[in-house]
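>
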């Protein structure tokens, strides 16, 4: 009789067959969690539970994890907790400061560590310079969420629509605001310019990633009704941009956020719109050849 937990063939991420199967669902509704203290000033972070799961799925202890839009440091903190090396890049000086403080606090509080085997660094720089900090073929996993195309401004009202029974509501006191006024900030770019710049980032990301390594991006589709565009299929545009940069479009995971968002009456009574209460996790993989 086969044992579902046997590890006759070692998996690239260290997971057993049972663990692998349990993590293979493509719709997630169990990764939302109250924001930690260092999240509150940013306003558009993903939960640490989401970073924990992605890092567990696509890397193993000792691997290098990258976040080129690290924000307040969620990815690198999660990498530290899971004994992965972590490098983050952040353009915003204040967010870089918060991320560095969060990482240093984590190092001080976590007694069990692997000194000498892993390293962690958060750079205050433009992610267009990521190859300055990384060797080619060195990264196993990139996990990030870009500040894209003025979307943060569109999220101000959405963030207020937390479901009345949500666990998040009582712990999430963050504010949503524009990241910066810098022209190089991806969050200030026109959508089509943004996609062109992202292609360059993905091309550099490909070079520093190991063969068979992964690049995972959390994004939302959205509407631009002001300009009479009913639906912007951002996750598909990102997937196509990644393929153009040389990546394999490996997978798509839906992050169901209905439990954190109240339903809003949209377009009534003339045009029916659905609420965009989910995010998409776009998974790329570097070809082996």
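Numbering (the numbering used here), first residue to last: 648 to 936. The C-beta atom is built at its ideal place from N, Cα and C for all residues, glycine as well. Predicted model, so just to flag it, every value in this text is computed and none were measured.
Shortest alpha-carbon distance to residue 911 belongs to which of 917, 932, 903, 924?
Taking the chain shown and counting its residues from 1, one reaches residue 911 at position 264. Among 917, 932, 903, 924, the Cα nearest to that of residue 911 is on 924.
> Using 10 angstroms around the beta-carbon of residue 839, count the other beta-carbons present and answer buried if the total reaches 16, otherwise exposed.
Locating residue 839 in the chain shown gives position 192, counting from the first residue. The residue in question, residue 839, is exposed, as its Cβ has fewer than 16 Cβ neighbours within 10 Å.
> If I follow the unbroken beta strand (DSSP E) through residue 864, where does it start and stop?
The residue you call residue 864 lines up with position 217 of the chain shown. It spans 856-866 - the beta strand (DSSP E) in which residue 864 sits, taken as one unbroken run.
> Taking 8 angstroms as the limit between beta carbons, can you name the residues of its chain near residue 857, skipping five residues before and five after?
Taking the chain shown and counting its residues from 1, one reaches residue 857 at position 210. Taken in chain order, the residues that qualify are 784, 785, 786, 787, 933.
> To the nearest angstrom, how far is it from the Cα of residue 907 to the Cα of residue 880?
The residue labelled residue 907 in the question sits at position 260 within the chain shown. The residue labelled residue 880 in the question sits at position 233 within the chain shown. In a straight line, the C-alpha of residue 907 is about 22 angstroms away from that of residue 880.
> Write down the C-beta distance between residue 791 and residue 894 rounded to the nearest angstrom, noting that I regard them as a contact closer than 8 angstroms.
Start at 1 with the first residue of the chain shown, and residue 791 comes out as number 144. Start at 1 with the first residue of the chain shown, and residue 894 comes out as number 247. So it is not a contact: roughly 14 angstroms between Cβ atoms.
> So residue 631 and residue 850 are in contact, right, with Cβ under 8 angstroms, and what is the actual spacing, rounded?
Because the chain in this structure spans residues 648 to 936, residue 631 falls outside the shown range and cannot be described.
> On a CA-only basis, which of 694, 701, 722 is nearest residue 667? Give me that one, please.
Within the chain shown, numbered from 1, the residue matching residue 667 stands at position 20. Out of 694, 701, 722, 701 has the C-alpha closest to the C-alpha of residue 667.
> Taking 8 angstroms as the cut-off, decide whether the C-beta atoms of residue 900 and residue 715 are in contact.
The sequence position of residue 900 within the chain shown is 253, counting from 1. The sequence position of residue 715 within the chain shown is 68, counting from 1. No, Cβ-Cβ distance for residue 900 and residue 715 is not below 8 angstroms.
> Taking only the alpha-carbon atoms, compute the straight-line gap between residue 745 and residue 918 and give it to the nearest angstrom.
Position 98 of the chain shown, counted from the first residue, corresponds to residue 745. Position 271 of the chain shown, counted from the first residue, corresponds to residue 918. Rounded to whole angstroms, residue 745 to residue 918 spans 43 angstroms at the Cα level.
> Does residue 877 come out as helix, strand or coil in the three-state DSSP assignment?
Residue mapping note: residue 877 aligns to position 230 of the chain shown, counting from 1. Three-state DSSP puts residue 877 in a strand.
> For the segment 749-757 against the segment 771-780, do three or more pairs of beta-carbon atoms, one drawn from each stretch, fall closer than 8 angstroms, so that the two count as touching?
Contact between the segment 749-757 and the segment 771-780 is absent, because fewer than three Cβ pairs lie under 8 angstroms.
> Could you pull the start and end residues of the alpha helix (DSSP H) that residue 667 belongs to?
Indexing the chain shown from 1 puts residue 667 at position 20. 664-669 is the extent of the alpha helix (DSSP H) around residue 667.
> I need the boundaries of the beta strand (DSSP E) containing residue 786, first residue and last residue.
Here residue 786 is taken as the residue at index 139 of the chain shown, counted from 1. Counting along the chain, the beta strand (DSSP E) containing residue 786 begins and ends at 786-791.
> Starting from residue 925, follow its DSSP beta bridges and name the residues at the other end.
Reading the chain shown from its first residue, position 278 is the one you call residue 925. According to DSSP, which records beta bridges pairwise, residue 925 is partnered with 903.
> Throw me the rounded Cβ distance for the residue 619 and residue 704 pair, which I believe falls under 8 angstroms.
The structure shown has nothing for residue 619, since the chain only spans 648 to 936.
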